[in-house]
Amino acid sequence: MGKPFILSSYRRFQLMRFSVEEINNSTNLLPNVSLGYDIFDHCSDTQNFPGIFKLLSVDGLIQPWGEPHKNVSKAMAVVGTYTSTQALTIAPLFMVDLIPMVSYGAASSVFSRKQNFPSFLRTVPPNKDVIEVIFHILQHFNWRWVAFLHIDDDYGNDGRDLFIKRIKDTDICLAYTKGLNQNYTAHSQIFRQIEAQRIGVIIVFAPEWTAEALIESAIELNVTNKVWIAGDAWSLNKKLPKKKGIKNIGTVIGVSEPKVTIPGFSDFISSSKKQNCENAEQNLFCNQVCNCSSLSAEEILAVDPSFNVPVYSAVYAIAHALHKTLQCESGRCNGNITVYPHMVLAELKKSNFTLLNQSVTFDENGDPNYGSYSIVFWNQSGDAEEIGFYNFHSTYFFINNNTIQWHTKEKVPSSLCSQECDVGSAKKPDGIHKCCFNCNICKKGTYINKTEDPYTCINCKETEWSAPGSTSCNLRVVEYIQFTDIGAIVIMVGAWVLVGLTLAMSILFAINYNTPVVRSAGGPMCFLILGCHSLCSLSVFFYFGKPTNYFCILRFLPFLLFYTVCLACFVVRSFQIVYIFKIAAKFPKVHIWWMKYHGQWLVITVAFVTQALLLLFGYTFAPPKAYNDILRYPDTKIILSCDINFKALCGPVVLLLSLCTLCFIFSYMGKDLPKNYNEAKAITFCLLLLILTWVIFATVTLLYHGKYIQILNALAVLSSLYSFLLWYFLPKCHIILFQSYKNTQEYFQGLIQNYTKNN
Numbered sequence: 002m003g004k005p006f007i008l009s010s011y012r013r014f015q016l017m018r019f020s021v022e023e024i025n026n027s028t029n030l031l032p033n034v035s036l037g038y039d040i041f042d043h044c045s046d047t048q049n050f051p052g053i054f055k056l057l058s059v060d061g062l063i064q065p066w067g068e069p070h071k072n073v074s075k076a077m078a079v080v081g082t083y084t085s086t087q088a089l090t091i092a093p094l095f096m097v098d099l100i101p102m103v104s105y106g107a108a109s110s111v112f113s114r115k116q117n118f119p120s121f122l123r124t125v126p127p128n129k130d131v132i133e134v135i136f137h138i139l140q141h142f143n144w145r146w147v148a149f150l151h152i153d154d155d156y157g158n159d160g161r162d163l164f165i166k167r168i169k170d171t172d173i174c175l176a177y178t179k180g181l182n183q184n185y186t187a188h189s190q191i192f193r194q195i196e197a198q199r200i201g202v203i204i205v206f207a208p209e210w211t212a213e214a215l216i217e218s219a220i221e222l223n224v225t226n227k228v229w230i231a232g233d234a235w236s237l238n239k240k241l242p243k244k245k246g247i248k249n250i251g252t253v254i255g256v257s258e259p260k261v262t263i264p265g266f267s268d269f270i271s272s273s274k275k276q277n278c279e280n281a282e283q284n285l286f287c288n289q290v291c292n293c294s295s296l297s298a299e300e301i302l303a304v305d306p307s308f309n310v311p312v313y314s315a316v317y318a319i320a321h322a323l324h325k326t327l328q329c330e331s332g333r334c335n336g337n338i339t340v341y342p343h344m345v346l347a348e349l350k351k352s353n354f355t356l357l358n359q360s361v362t363f364d365e366n367g368d369p370n371y372g373s374y375s376i377v378f379w380n381q382s383g384d385a386e387e388i389g390f391y392n393f394h395s396t397y398f399f400i401n402n403n404t405i406q407w408h409t410k411e412k413v414p415s416s417l418c419s420q421e422c423d424v425g426s427a428k429k430p431d432g433i434h435k436c437c438f439n440c441n442i443c444k445k446g447t448y449i450n451k452t453e454d455p456y457t458c459i460n461c462k463e464t465e466w467s468a469p470g471s472t473s474c475n476l477r478v479v480e481y482i483q484f485t486d487i488g489a490i491v492i493m494v495g496a497w498v499l500v501g502l503t504l505a506m507s508i509l510f511a512i513n514y515n516t517p518v519v520r521s522a523g524g525p526m527c528f529l530i531l532g533c534h535s536l537c538s539l540s541v542f543f544y545f546g547k548p549t550n551y552f553c554i555l556r557f558l559p560f561l562l563f564y565t566v567c568l569a570c571f572v573v574r575s576f577q578i579v580y581i582f583k584i585a586a587k588f589p590k591v592h593i594w595w596m597k598y599h600g601q602w603l604v605i606t607v608a609f610v611t612q613a614l615l616l617l618f619g620y621t622f623a624p625p626k627a628y629n630d631i632l633r634y635p636d637t638k639i640i641l642s643c644d645i646n647f648k649a650l651c652g653p654v655v656l657l658l659s660l661c662t663l664c665f666i667f668s669y670m671g672k673d674l675p676k677n678y679n680e681a682k683a684i685t686f687c688l689l690l691l692i693l694t695w696v697i698f699a700t701v702t703l704l705y706h707g708k709y710i711q712i713l714n715a716l717a718v719l720s721s722l723y724s725f726l727l728w729y730f731l732p733k734c735h736i737i738l739f740q741s742y743k744n745t746q747e748y749f750q751g752l753i754q755n756y757t758k759n760n
């Protein structure tokens with residue numbers, strides 16, 4: 002049973018006849034040379050190989066081991082075949098002797114391989130160009146979840162492979178693909194699968210007869226609301242757009258050759274049909290043997306014009322190559338030249354002529370180096386209306402969206418496996434396809450950059466912050482206490498006042514050095530305490546300004562080192578007072594040893610040296626460093642602070658606490674001593690203020706983490722210094738200046754005698 006008569010193929014057959022006759026009637030192309038031709042329908046390999054063998058040899062016998070060019074083929078070139086599978090079957094036979102084969106329909110990529118098909122050229126763009134246009138259509142309308150149905154042969158499989166390769170690393174997913182035949186049951190299964198996967202766009206890459214069977218099945222099976230993308234082989238189909246129920250299947254958009262009118266072809270068809278071609282014996286002049294007398298010219302001209310221009314171009318390309326080979330430029334061809342197929346092939350490869358206002362050339366692979374594709378829409382009238390175009394070589398793509406009447410009315414239909422995530426959300430894959438995903442909002446401190454990686458929430462830098470669901474990070478506000486801050490100015494003024502007070506007290510004590518008040522306050526030790534207070538106040542100034550490593554070291558070092566000396570002095574002083582009044586009589590030898598070896602200075606020196614060594618050791622291995630504190634503070638801020646290694650400062654702090662504890666014990670033991678010798682009570686009170694200051698600071702630190710913690714820290718340091726300055730030394734100054742009668746030897750001796758009598 003033979004294949005059904007295909008009217009569009011018959012039209013291409015007539016176009017080839019027209020092209021040859023037009024060339025033979027031309028005075029410019031191949032003058033005084035007439036082209037002969039032999040046309041047969043390649044409907045099956047078994048029936049048509051004899052005709053092909055006849056073309057390949059003079060006497061119909063093929064001698065593959067004969068001498069080259071001994072038996073010259075009577076065919077200088079071949080036009081065809083139409084399909085890729087047919088071309089793959091017969092092309093190797095023509096490649097052996099480099100007989101040019103110019104195809105008008107075989108679009109498979111394999112023919113671009115010149116090592117396999119050295120004499121193969123084509124006037125139809127290869128599949129990759131059609132796939133490129135389809136890809137641009139998908140991108141233009143943001144269709145990402147598509148099915149690709151193709152004829153199950155070399156042409157269709159090549160298109161499928163090219164499509165898979167083209168959408169790799171893009172947002173488009175191939176949800177379903179299947180090779181097509183004309184089995185109605187298979188069509189039913191295909192459409193069930195497409196519906197199950199909620200696919201809205203179906204690409205059909207198949208010849209017209211396969212596409213017709215598929216679309217007719219879709220109408221019968223009531224497949225609705227789909228977008229169909231037609232390949233160039235059936236996008237200009239004349240039968241389907243007018244078929245009943247076609248509007249129910251959805252919207253059809255296609256890729257086609259530009260519609261070009263071939264001058265004179267309509268008249269040729271009309272005149273041909275007037276000739277009486279009733280039998281093969283009488284119609285040899287018609288060059289056709291077929292039962293087609295019932296066809297009218299209007300029917301032939303009304304069918305799908307696809308691949309007509311490639312047929313026309315193929316015939317003219319061969320004619321121009323012969324024109325060059327026969328040296329016909331002078332107006333007459335050279336009849337003395339023996340033409341071989343390889344000579345025609347050489348000229349074909351160099352083709353460069355204008356046809357239908359289009360320059361015809363071939364690239365190094367024998368593919369057309371010219372042309373463009375139209376994008377068509379099957380409108381309500383049943384016509385393929387041109388709505389856009391794509392130029393291969395300038396890669397210019399255009400679609401007029403306003404001319405498309407979607408089956409969804411005004412809205413462009415969508416085809417997505419998953420709806421796009423909201424701004425600030427990352428995709429989480431759901432299944433094997435990248436188009437199927439769940440959406441997770443990015444947490445604070447992260448952001449999503451969909452152009453780089455739509456699947457990962459990227460962490461902001463330390464100097465940046467972001468709210469939940471962000472697409473970028475914001476710079477954090479850098480905060481630190483500047484020297485111009487009101488709080489900093491107050492603290493620094495307080496520090497300078499403290500230095501001034503210590504200097505003034507030192508001068509006052511120096512003037513009144515030999516008075517009982519100065520001696521009872523510690524004598525020379527007073528100057529050491531006041532001097533260390535001044536040095537401690539240096540720490541206050543390094544709590545302000547932009548922290549550096551040096552600032553962080555000097556923020557703690559002067560206070561820890563010199564405050565140790567101050568506390569050691571008060572430990573010694575409180576011990577001396579308690580010892581003189583309560584212990585000396587019981588342990589006279591200890592007093593002798595203490596006086597002989599200057600025990601007070603020995604204790605102070607040991608405390609100072611120990612603290613210095615502890616600080617040196619700690620700062621060597623883990624010195625305080627400036628760092629950006631972002632963990633404990635609000636997300637939008639960076640607090641420039643100092644990173645304190647508490648293990649490194651553990652030793653110095655423990656020493657300070659130990660001295661403070663000893664001082665408190667000794668001073669508390671002397672709370673009932675004579676009034677003018679009651680330094681112990683003053684020291685106890687100062688220690689209580691010191692402890693209270695740092696307890697308050699520690700509590701505030703736990704509750705507050707802003708930049709003003711630096712001011713509070715500096716205030717705690719300053720308060721620690723002022724506690725002794727105001728409550729220990731200032732009363733002494735008051736006695737010296739305003740109660741001089743109490744600053745006499747007699748007054749002090751009287752108080753001691755009264756204490757002795759009562760105890």
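Number 681 in the numbering used here belongs to position 680 of the sequence shown; there are no gaps in the numbering.
Just so you know, even glycine gets a beta-carbon here, dropped at the ideal spot from N, CA and C.
Predicted, not measured: the structure shown is a model, and the values here were computed from it.
Check: Burial state of His610, where buried means 16 or more other Cβ atoms lie within 10 Å; Outcome: The displayed chain sequence assigns Val, not His, to residue 610. Answer is exposed; the Cβ neighbour count stays below 16.
Check: CA-to-CA distance, His151 to Asn158, given in whole angstroms; Outcome: 7 Å
Check: Bounding residues of the alpha helix (DSSP H) (the contiguous stretch that carries Lys733); Outcome: Leu731 to Phe739
Check: Any beta strand (DSSP E) of 3 or more consecutive residues that is wholly inside the segment 362 to 440; Outcome: 373 to 379, 385 to 392, 397 to 400 and 426 to 430
Check: Cβ shell of Leu285 (< 8 Å), same chain only, five flanking positions each side left out; Outcome: Here Leu285 scores only 43 on pLDDT, less than 50, and its place in the model should not be relied on; the value that follows carries that caveat. Answer for Leu285: no residue qualifies.
Check: CA nearest to the CA of Ile530, picked from Val498, Tyr551 and Val573; Outcome: Val573
Check: Bounding residues of the alpha helix (DSSP H) (the contiguous stretch that carries Gly532); Outcome: Pro525 to Cys537
Check: Where Leu320 falls: helix, strand or coil (DSSP); Outcome: The sequence as given places Ala at residue 320; Leu does not occur at that position. Ala320: helix per DSSP, three-state reduction.
Check: Spatial distance of Phe1 from Ile645 (CA atoms); Outcome: Given that the chain is displayed from residue 2 to residue 760, the structure contains no residue 1 and the question cannot be resolved.
Check: Simplified DSSP assignment, three categories, for Asp172; Outcome: coil
Check: His324 versus Asn29 - alpha carbon distance; Outcome: 10 Å
Check: Residues of its chain near Ser20, where Cβ-Cβ distance is below 6 Å and the 5 sequence neighbours each way are ignored; Outcome: Tyr313 and Val316
Check: Phe557 versus Gln711 - alpha carbon distance; Outcome: 12 Å
Check: Alpha carbon of Val654 to alpha carbon of Asp486, nearest angstrom; Outcome: 30 Å
Check: DSSP three-state assignment for Cys458, whether helix, strand or coil; Outcome: strand
Check: Bridge partners - Lys129, DSSP secondary structure assignment; Outcome: According to DSSP, Lys129 bridges with nothing at all.
Check: Run of the alpha helix (DSSP H) containing Gly652, from where it starts to where it stops; Outcome: Cys651 to Met670
Check: Interface flag, Gly157 vs chain D, CB-CB below 7 Å; Outcome: This model lacks chain D altogether; it includes just one protein chain.
Check: Leu719 to Tyr551 span [Cα, whole Å]; Outcome: 20 Å
Check: Minimum C-alpha distance to Val103 - residue among Pro32, Ser360, Pro369 and Gly546; Outcome: Pro369
Check: Stretch-stretch touch, CB-based, cutoff 8 Å, three pairs: the segment 448 to 462 with the segment 405 to 416; Outcome: no
Check: Assigned exposure category for Gln577 - 16 Cβ within 10 Å defines buried; Outcome: buried
Check: Test item: CB-CB of Lys227 and Ile254 under 7 Å; Outcome: no
Check: N- and C-terminal bounds of the alpha helix (DSSP H) containing Val604; Outcome: Gly600 to Phe622
Check: Burial state of Lys260 (16 or more Cβ within 10 Å); Outcome: exposed
Check: Status (buried if at least 16 other CB within 10 Å, exposed otherwise) for Asn309; Outcome: buried
Check: For Ala1, the first and last residue of its enclosing beta strand (DSSP E); Outcome: As displayed, the chain neither begins before 2 nor continues past 760, which places residue 1 out of reach and without an answer.
Check: Asn337 to Val34 span [Cα, whole Å]; Outcome: 13 Å
Check: Arg304 versus His343, Asn353 and Lys243, residue with shortest Cα-Cα distance; Outcome: Strictly speaking, residue 304 in this sequence is Val, with Arg absent from that position. Closest option to Val304, Cα to Cα, is Lys243.
Check: Gln198 versus Trp146, Glu209, Leu738 and Lys245, residue with shortest Cα-Cα distance; Outcome: Trp146
Check: Buried versus exposed, by CB contacts within 10 Å (16 or more), Glu299; Outcome: exposed
Check: Where Asn72 sits in the DSSP three-state scheme; Outcome: Reliability of the predicted coordinates at Asn72 is poor, the pLDDT of 49 falling under 50, and no value is obtained from them.
Check: Beta-carbon gap between Val519 and Phe510 smaller than 7 Å; Outcome: yes
Check: Start and end residues, beta strand (DSSP E) containing Cys329; Outcome: Premise fails: Cys329 is in no beta strand (DSSP E) and is neither H nor E.
Check: Three-state secondary structure assigned by DSSP to Ile203; Outcome: strand
Check: Thr745 - DSSP class collapsed to helix/strand/coil; Outcome: coil
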